[in-house]
Amino acid sequence: PEVRRLRRVCRALTAEIRSQGYKRVKDAAGTEIGERKKRADAELNSTLTRLREETKERNRRRHFRKTDTAIFNQQYELDRTSHEAKLQPHVPRTYQILERKELVDLLCYSTPSKTDEEAHLRRLRYIRLLVRWQDRKESPRRGKQSVTIPKPQAANPSSACVVENFDPLQCPFCLSDTRLSPTDRAKRKSKTNKLWDHVERIHEQELAAFDSGFRKCGL
75 PEVRRLRRVC RALTAEIRSQ GYKRVKDAAG TEIGERKKRA DAELNSTLTR LREETKERNR
135 RRHFRKTDTA IFNQQYELDR TSHEAKLQPH VPRTYQILER KELVDLLCYS TPSKTDEEAH
195 LRRLRYIRLL VRWQDRKESP RRGKQSVTIP KPQAANPSSA CVVENFDPLQ CPFCLSDTRL
255 SPTDRAKRKS KTNKLWDHVE RIHEQELAAF DSGFRKCGL
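For the sequence shown, position 154 (counting from the first letter as 1) is numbered 228 according to the numbering used here, and the numbering increases by one without interruption.
Listed below in structure tokens is the structure:
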């Protein structure tokens, strides 16, 4: 109602400007009728912007509040036959984070639970996966990311092991952090000062253990 009222006011002011002999609305700039038209347009635009932002925020909250529940309810309500008919084709993909792959398999490709106990265990597994995923460290994204097709890599059984010997330009703290991906753990800096900048900025707490001077840091 407010938007319709403001639009009627703007149309009426435009008609009044034309009736006074102005060919364009801009020609009435600086006059009383021109200022009234300017204020009416500004009020209409601000009202439209405010209502648009409120609608977007309301839709966003409703989406993120009900999406997970809707996915689970859809899987629980389907019987085995209809679920297998609508089951998505399992396309093999490569994920750097193991928990992400398990979540995709659980939500998209697993069969629905038949009993309340199975449904309860499924929810517990989903919650545990989210907790483990939050403990993971991923490389920060900077700028616009290009779409790339990941190359399949052979599984490395020793990726979670901490190596004893490392390059002088590699960060020992990153190498010992098994939560990082193998690529981020073995990343090599180009210069020693860049390595120290990384250690002092990212691993300040770990480096504090060597402030006493009695323990050898190895850098």
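Think of the CB as a built atom: it goes at the ideal place given N, C-alpha and C, for glycine as much as any other residue.
Put residue i into one of helix, strand or coil per three-state DSSP.
i	result
R81	helix
Q170	coil
Q279	helix
Q244	strand
R262	strand
S120	helix
P256	helix
H273	According to the sequence as given, residue 273 is Val; it is not His. DSSP places V273 in helix when its eight states are reduced to three.
N133	helix
S93	helix
A114	helix
A103	coil
D190	helix
T185	coil
D179	helix
N267	helix
R206	helix
Buried or exposed: where does residue i fall if 16 or more other Cβ atoms within 10 Å of its Cβ makes it buried?
i	result
L254	buried
L111	In the sequence as displayed, the identity of residue 111 is Lys instead of Leu. Flag for K111 reads buried.
L269	buried
A282	exposed
C182	exposed
V205	exposed
R259	buried
L198	exposed
A229	At A229, the pLDDT of 48 sits below 50, so the modelled position is not reliable; the number obtained from the coordinates is stated separately. Counting Cβ neighbours within 10 Å, A229 comes out exposed, since fewer than 16 surround it.
I believe residue i touches residue j by the beta-carbon criterion, under 8 Å. Please report the beta-carbon distance rounded to the nearest angstrom.
i	j	result
T266	L243	7 Å
L80	E106	That pair is no contact at about 19 Å.
T121	E76	6 Å
F247	E280	5 Å
Query raised in the report: Do the segment 82-98 and the segment 122-139 touch if we need at least three Cβ pairs shorter than 8 Å?
Result: Between the segment 82-98 and the segment 122-139, the count of Cβ pairs shorter than 8 Å is below three; the stretches do not touch.
Query raised in the report: Quick one: any contact between the segment 165-174 and the segment 183-198, if contact means 3 or more CB pairs under 8 Å?
Result: The way I'd put it, the segment 165-174 doesn't touch the segment 183-198; fewer than three beta-carbon pairs between them come closer than 8 Å.
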